[in-house]
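Chains as they are written, first to last, in full-length UniProt numbering: chain Z, 1 to 511; chain E, 1 to 511; chain F, 1 to 511; chain Y, 1 to 511.
C-beta: ideal position from N, C-alpha, C; glycine also.
Accompanying notes for the structure given below.
Right, here's the structure in full:
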């Protein structure tokens with residue numbers, strides 16, 4: 001006996017969880033309402049076809065009989081009455097790729113007008129950077145994205161990671177992977193912290209408290225910047241009870257003022273102090289400086305005492321207090337002022353200084369070139385990490401007198417969990433991430449930062465599985481190949497469009 | 001006596017095999033009907049000029065008297081009567097190159113509208129890739145062509161081969177070259193097999209059976225994919241009697257299900273089992289994931305339980321069953337379940353794991369990073385092949401207890417027979433080819449795959465001659481120079497247009 | 001009691017030093033007249049907002065209470081009367097970046113018409129080069145910017161510096177940094193001199209005296225060129241009393257003439273003589289040579305004796321007197337003719353010749369390839385500097401018999417103080433800068449050169465601080481990493497737009 | 001007494017050698033008729049200004065008083081009468097560079113319509129290549145310019161030279177430089193010969209006899225190609241008495257035919273035989289093959305026996321006679337057949353085969369990969385030259401039993417005399433140049449080839465002076481730095497526009 005045909009009009013009514021979900025595959029009708037939550041591909045994709053013909057979607061990704069094998073007979077409702085189901089126009093996804101996107105000389109252009117992608121369209125930290133570039137004020141973008149001189153070091157920070165390859169291991173049980181760690185003894189959900197960046201309100205009106213809140217959500221540590229748009233107390237107030245915060249410190253020529261800041265930080269519960277040692281003077285960032293000349297054609301007619309100090313961008317205006325005389329002799333006093341707080345040097349760029357730091361009794365160093373914003377041609381932190389670890393090890397300095405680790409943190413150029421895992425493999429405890437976090441904040445506020453941190457977590461889980469590393473202890477030097485690390489960088493980078501050409505004076509960008 | 005002149009009208013009548021073939025060269029008429037099949041350049045080129053003046057075509061590629069020297073006197077019909085042969089407009093080929101193609105900043109643009117080239121215009125596997133890019137659905141192209149994260153490894157797979165140079169030998173008798181081999185003891189017409197790729201119906205409505213049929217035509221082995229659009233049995237049914245097939249296996253968390261699959265494979269005559277060990281979780285392929293957002297502007301308004309899982313492309317939807325806990329301890333059970341089938345590990349990425357595999361008693365490994373679709377910055381197989389061979393050799397593991405070879409296969413990035421020969425020279429038995437085969441299938445079905453395999457054969461014949469290698473045994477390590485193998489990759493690749501720029505969210509391609 | 005509100009009209013009147021300066025921040029009015037000169041960011045930025053609402057500018061770069069904390073209570077004038085201050089249209093700087101500048105495929109285009117930037121918009125030596133390219137006569141630009149053959153060496157001169165990384169030190173007292181030095185015993189405000197370049201009037205009607213005057217302003221030494229547009233005496237006359245000048249010398253086939261020149265130089269007080277040894281014949285600079293053919297379509301119809309010598313640019317026309325027979329045997333005579341003047345060889349390109357020079361008793365060498373204008377594929381000076389120093393040291397030749405240094409100067413490709421510091425670290429006394437100075441002169445005359453020298457000074461101060469080098473003695477080999485120095489150059493350079501593609505005959509540039 | 005003023009009308013009459021030459025400089029009139037031939041910059045440039053005001057041209061390239069110092073008083077005719085000389089419009093050369101050429105993203109475009117440059121505008125071999133690309137038939141261009149597979153080796157041939165740096169020496173007497181040499185004992189005006197290339201009439205209707213004639217003019221040796229468009233006898237007939245010619249030989253499967261060719265060559269006075277050993281089968285050159293499909297849309301409808309053999313370009317059609325079985329055992333017979341002619345192997349690509357060749361008693365080898373037209377990824381000759389020389393030396397094979405040199409020639413990728421000098425420094429006797437010669441011939445016939453050879457001579461003279469090498473004996477290994485020779489190639493090449501992107505099927509070039 002031929003099975004009874006089902007009318008398309010009946011099918012079309014079963015178009016939601018509420019109304020029941022029927023779909024048509026190869027001219028047969030199925031009731032998949034109860035199967036929704038068992039579907040390996042998720043319920044949502046089925047719901048898109050509720051009350052419709054799903055054959056075209058179904059076909060390429062299932063063996064022919066999958067639906068019959070998985071559905072009880074009584075849910076297999078019978079053949080569709082021919083022609084009774086109104087056909088829909090095909091989805092765009094199935095259409096051939098338009099010429100514009102299949103052609104070779106693809107360039108990334110701002111759609112006119114620019115529409116900011118929704119947050120769930122953001123798949124990586126690169127995306128946040130692209131959104132920031134497209135949607136921030138030019139002043140803010142120029143301040144955040146600029147580097148010293150010709151921006152060689154700024155680009156190298158990113159590029160150097162591209163010269164480290166993995167050596168993944170297979171057939172290890174990675175059903176559960178654990179990427180939690182401790183930084184200076186404090187819990188962190190991953191080997192990442194939000195490092196200090198200045199002038200957050202150039203990106204978002206709420207400023208750095210966005211970072212504070214998102215850090216809490218994801219149990220990562222925020223390093224409070226000295227040159228923030230929010231005040232120190234605002235950032236501490238924004239923290240949740242028990243939330244760990246570190247403080248970045250520029251040492252003032254007026255040491256009393258510095259001692260006062262340190263004391264206040266200790267009083268407010270800050271756990272570690274990061275003395276900035278790579279910025280006796282704030283760097284020239286010419287892209288930032290060029291901002292001044294835009295839209296201000298008459299400015300160079302100013303003269304005399306009030307003449308515009310045109311060779312300064314946002315950075316220089318705010319940094320005149322930094323003491324260029326700070327030296328090793330000052331460390332004991334700072335060490336003492338810090339009291340129970342940990343104290344680290346941020347901006348170490350050679351193994352010699354890492355050794356001196358360990359010998360000076362601080363708790364660790366951040367290998368950093370200040371995001372490529374200070375001395376151009378300073379090395380990327382990842383390139384010197386191996387020799388720093390080796391030299392400290394050679395001198396027995398990887399552990400302090402109390403048996404705890406002398407901690408090596410690094411920052412600069414990180415965009416992926418894979419970058420972090422390379423640093424961890426080479427001996428870093430954790431990696432500071434700066435620009436990507438303020439780009440996320442600039443585009444989407446706290447929610448953006450939170451998404452950025454979640455993306456990193458997803459990447460850690462995936463990549464540790466694929467590396468064959470159930471825990472961070474498994475991520476050791478044998479997992480990376482650094483034979484090309486000191487070679488010149490090559491080729492265009494992925495997401496090359498996030499980097500801008502250097503623009504000499506008198507030239508301008510053009511599509 | 002002056003020879004009798006021949007009238008052009010008479011010449012024009014002799015314009016085919018049927019009517020006889022006369023041609024004019026330097027104002028003399030020749031009857032070349034009987035010479036057609038002796039012509040070193042083939043009959044066809046002469047037939048183009050049957051009944052016409054062939055001087056312009058003839059001149060640059062023959063010494064002046066070639067035609068007189070090769071044609072009996074009675075076929076030399078005499079001088080053409082002046083002006084009696086109607087001149088044709090010149091062929092396009094003889095025209096000066098148009099400005100558009102001689103200028104420098106050439107870009108590859110989709111002609112409007114795109115016309116798929118005929119199959120005989122396809123000269124290399126690169127061509128199939130270009131056709132696929134131009135003519136596939138965007139969804140299919142994005143699924144096939146995407147790689148993990150920033151697609152560094154995906155590109156490196158191809159690029160690494162560009163850093164291996166040949167050391168060809170001369171004056172060896174290469175009148176006959178033999179590139180046939182055995183893979184795991186089974187005959188193969190060349191050191192190539194079709195490796196497993198998923199979701200074939202995204203490219204062609206017939207799906208993977210196209211591969212099965214073309215593999216048979218050319219006596220190469222197909223590895224049946226677990227995640228095919230066709231069912232396992234469809235692919236086995238499509239095989240010819242005696243046709244060798246291998247099976248790729250994702251091990252299921254439910255081992256009973258895996259045992260059932262293995263048993264069924266053995267029953268159906270599958271010869272070898274390739275346990276996928278580089279995919280405890282399927283990789284993020286962001287280009288594939290971005291497909292979801294196209295043409296679906298309102299999608300992010302969905303909320304609640306049925307919210308679109310937007311961070312998943314086609315790959316993630318189909319892979320939830322894979323067991324991330326699979327480990328070395330599981331190998332004996334799988335080994336035993338495989339029975340008479342060979343068993344290999346697919347996705348080994350370090351010499352350490354190759355050694356462990358040999359010690360675990362499997363029959364070989366596939367050095368592979370899953371086409372650059374899993375862990376970004378995993379090394380290209382060809383870069384680790386030398387050390388894998390060396391370490392196995394060092395430990396006496398290149399041969400198994402029964403005296404047969406522990407086989408090393410590799411895949412990823414192969415586009416030319418030269419690539420394969422480099423791998424063979426360095427110790428691989430054979431090379432798996434994936435994407436190029438499904439690109440060929442996407443454009444032209446079974447016939448396309450068959451053409452792709454024939455192109456490879458033609459390349460093998462040519463390149464082994466030019467290498468001075470009459471057989472594959474002659475293709476040994478002395479034939480390659482790998483001094484640049486571990487250096488950073490450089491420069492744009494040939495056929496750079498087949499690779500796309502990474503496109504961050506909120507940007508789009510533009511001509 | 002609520003504080004008295006201040007009317008916006010009153011605020012607007014206080015808009016200058018003369019009228020007093022009031023500003024509004026977060027709806028409160030402040031009198032900052034007396035604070036102007038204490039403001040860390042300078043008075044000017046405040047004056048821009050005199051009589052206006054400064055909140056938007058103030059916010060991102062100050063903690064919220066900064067103004068209240070820093071201003072005495074009586075200067076805090078009270079709340080602004082709501083709506084009483086006329087709002088201004090927003091400054092351009094705050095506007096979102098226009099699509100044209102945020103998009104990726106940025107190209108540098110000449111605005112139509114080209115407007116030369118004001119001198120205070122010039123931030124680096126690259127800028128001068130861009131201005132020269134945009135605003136000079138084509139003949140002048142082609143003469144200055146061209147190099148030998150394919151301009152490989154010319155580009156390498158610049159590129160080689162990009163392969164040297166710094167190894168900066170931290171926590172050294174760099175409150176005061178001193179970059180003054182002595183060159184051949186003569187004071188120089190920095191380790192830089194203006195090297196000889198020819199035909200200055202192609203760039204500026206005043207010619208090389210601009211260089212003389214600016215050199216004096218900044219206490220740097222000028223090397224007077226033989227092939228200048230100004231006469232030797234004009235350049236000496238333009239010098240200030242006591243100003244040190246050196247002289248570049250092409251040795252004439254007529255040695256009497258050369259002796260006469262040397263004597264005259266000594267009489268006029270020149271301190272050192274630089275014998276050019278890399279130019280027995282002036283190089284072919286094809287870009288320069290191509291200048292001849294532009295706008296002169298009928299020229300190749302000239303014939304006979306007066307036929308245009310088309311294979312010569314500006315350079316060849318002026319150099320027929322140079323003696324290609326000059327050799328080591330001539331040095332003693334030149335040495336003697338020089339009398340009290342120092343004598344050096346300019347254009348040494350191998351350690352062998354540096355050793356021979358030291359043994360020949362001259363006072364030093366300039367490692368130079370003549371700006372890449374002579375032999376293409378000559379090495380960049382910086383790449384051979386390490387071996388020159390090593391070999392001289394090995395032979396005990398770094399110091400002369402009188403205990404003074406055998407001086408090693410270098411030139412070619414320098415654009416930044418960081419470049420100079422790399423050369424100094426590797427053992428050079430000072431660096432000659434040529435093209436950037438004449439580009440500065442071409443655009444802005446003496447004032448331009450002066451600005452260029454000031455920019456270098458600013459860069460020295462900054463970069464020595466960031467290097468951790470209080471004096472040039474601290475800038476030693478341990479401060480640089482040259483592991484990539486001999487590797488092939490890679491990637492596009494920063495400011496790539498300052499370099500032009502090679503243009504074969506019959507092609508032309510096109511936007 | 002004020003000197004008498006000269007009227008501009010009078011000046012204007014003195015505008016040629018015949019009428020006398022007066023010029024005006026800084027408002028004074030000078031009679032330079034007798035000075036014309038003493039002018040260091042040549043007479044022609046003065047003649048351009050005969051009867052005119054030359055101040056603007058004079059100023060930048062002369063010291064102010066040069067004209068007065070060099071001209072006798074009676075030739076200094078006095079001040080120009082103000083306003084009496086009609087001003088001319090400024091020459092184009094003095095005009096500011098137009099925006100189109102100063103802007104950055106320069107592309108090389110074919111002017112519409114294309115105007116071939118006059119021969120005196122051709123400054124380098126690159127220029128001939130550009131002209132050929134712009135003006136040849138597409139078929140001819142595609143045949144000449146194509147390489148094997150992805151054209152990696154073809155490009156590497158050129159690129160490898162870019163990785164060799166010079167180590168020039170100074171202060172050597174280079175008043176006279178001598179770049180003449182002997183090749184196989186025969187005089188050659190420079191270490192260059194014209195190597196064999198096929199199908200010359202694709203470029204020029206006269207074919208290869210153009211090469212013969214130009215070779216004679218410049219006393220260089222031509223290697224006669226087997227696959228020429230001209231017949232062997234035509235090329236020999238075109239030679240001048242005593243002109244040395246070599247012969248390239250493809251060995252035929254029919255050895256009798258080969259012996260006949262050899263005998264004929266000996267009879268006609270050929271001096272050396274070059275056995276082609278790198279072409280047992282002619283390579284696939286896909287760009288050449290694609291030519292077939294252009295302008296022939298209906299071709300793929302042909303079917304049956306006469307179906308177009310579409311996978312063949314011009315090359316395959318003419319080469320079916322080549323014997324792929326040729327091997328070392330055949331050498332003695334060929335050696336004997338050659339009689340008094342020298343015999344060499346052309347196409348050796350490893351030191352092993354160079355050693356075998358020397359041991360087999362031939363007179364030398366050509367290190368060659370057939371212009372990158374045979375096996376892709378064959379090494380560039382220059383990269384293997386050092387090890388070939390070293391291994392031959394090590395085995396005492398650099399000299400033959402009779403005490404003459406075992407000669408090492410190389411070809412491929414040469415565009416400049418500097419390339420040749422690098423090869424000579426590394427041990428090559430001479431370098432074969434192929435494509436550049438047929439490009440010169442294609443554009444300008446015999447005269448073009450002659451100009452190409454003259455350009456090389458000019459380059460040799462210049463570059464040997466600049467190298468400090470009076471003779472070729474001075475050009476030894478100490479003059480080159482090959483530390484980067486085996487590194488991956490980098491960056492875009494100079495004259496990048498002469499290379500075309502690979503174009504997959506179905507795509508086309510577009511401006």
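Legend entry - The beta strand (DSSP E) enclosing residue 28/E, as first and last residue numbers: Residue range 28 to 31 is occupied by the beta strand (DSSP E) that includes residue 28/E.
Legend entry - Buried versus exposed, by CB contacts within 10 Å (16 or more), residue 245/E: Residue 245/E counts as buried, since no fewer than 16 other beta carbons sit within 10 angstroms of its beta carbon.
Inset, instruction - Take the Cβ of residue 349/E as the centre, count every other Cβ of all protein chains shown within 10 Å, and call the residue buried at 16 or more, exposed below. - result: The residue in question, residue 349/E, is buried, as its Cβ has 16 or more Cβ neighbours within 10 Å.
Inset, instruction - Pair every Cβ in the segment 270 to 277 of chain E with every Cβ in the segment 327 to 343 of chain E, then say whether three or more of these pairs are closer than 8 Å. - result: With three or more CB-CB distances shorter than 8 Å, the segment 270 to 277 of chain E counts as touching the segment 327 to 343 of chain E.
Inset, instruction - Residues of the segment 266 to 282 of chain F with a CB closer than 7 Å to any CB of chain Y: list them in chain order, please. - result: Per Cβ criterion, the list reads 277, 278, 280 and 281.
Inset, instruction - Could you work out which residue in 421/Z, 351/Z, 438/Z and 379/Z is closest to residue 395/Z when comparing CA atoms only? - result: Put simply, of 421/Z, 351/Z, 438/Z and 379/Z the residue whose alpha carbon is nearest the alpha carbon of residue 395/Z is 351/Z.
Legend entry - Pick from 473/Y, 435/Y, 481/Y and 453/Y that is closest to residue 146/Y, judged by C-alpha positions: Distances from the CA of residue 146/Y to each of 473/Y, 435/Y, 481/Y and 453/Y were compared; the closest alpha carbon is that of 435/Y.
Inset, instruction - Mind checking the segment 11 to 34 of chain Y against chain E and listing, in chain order, the residues whose C-beta falls within less than 8 Å of any C-beta there? - result: Interface annotation for the segment 11 to 34 of chain Y against chain E: empty, criterion Cβ-Cβ distance under 8 Å.
Inset, instruction - Please state whether DSSP places residue 232/Z in a helix, a strand or coil. - result: The answer is helix: DSSP assigns residue 232/Z an H, G or I state.
Inset, instruction - Using DSSP bridges, identify the partner residues of residue 79/F. - result: In DSSP, residue 79/F forms a bridge with 28/F.
Inset, instruction - Please classify residue 242/F: is it buried, with 16 or more other beta-carbons within 10 angstroms of its beta-carbon, or exposed? - result: Classification for residue 242/F: exposed.
Legend entry - Contact list for residue 286/E against chain Z, beta-carbon separation under 8 Å: Under a criterion of Cβ atoms nearer than 8 Å, the residues of chain Z adjacent to residue 286/E are, in order, 123 and 124.
Legend entry - Simplified DSSP state of residue 154/E, which is helix, strand or coil: Residue 154/E falls in the helix class under three-state DSSP.
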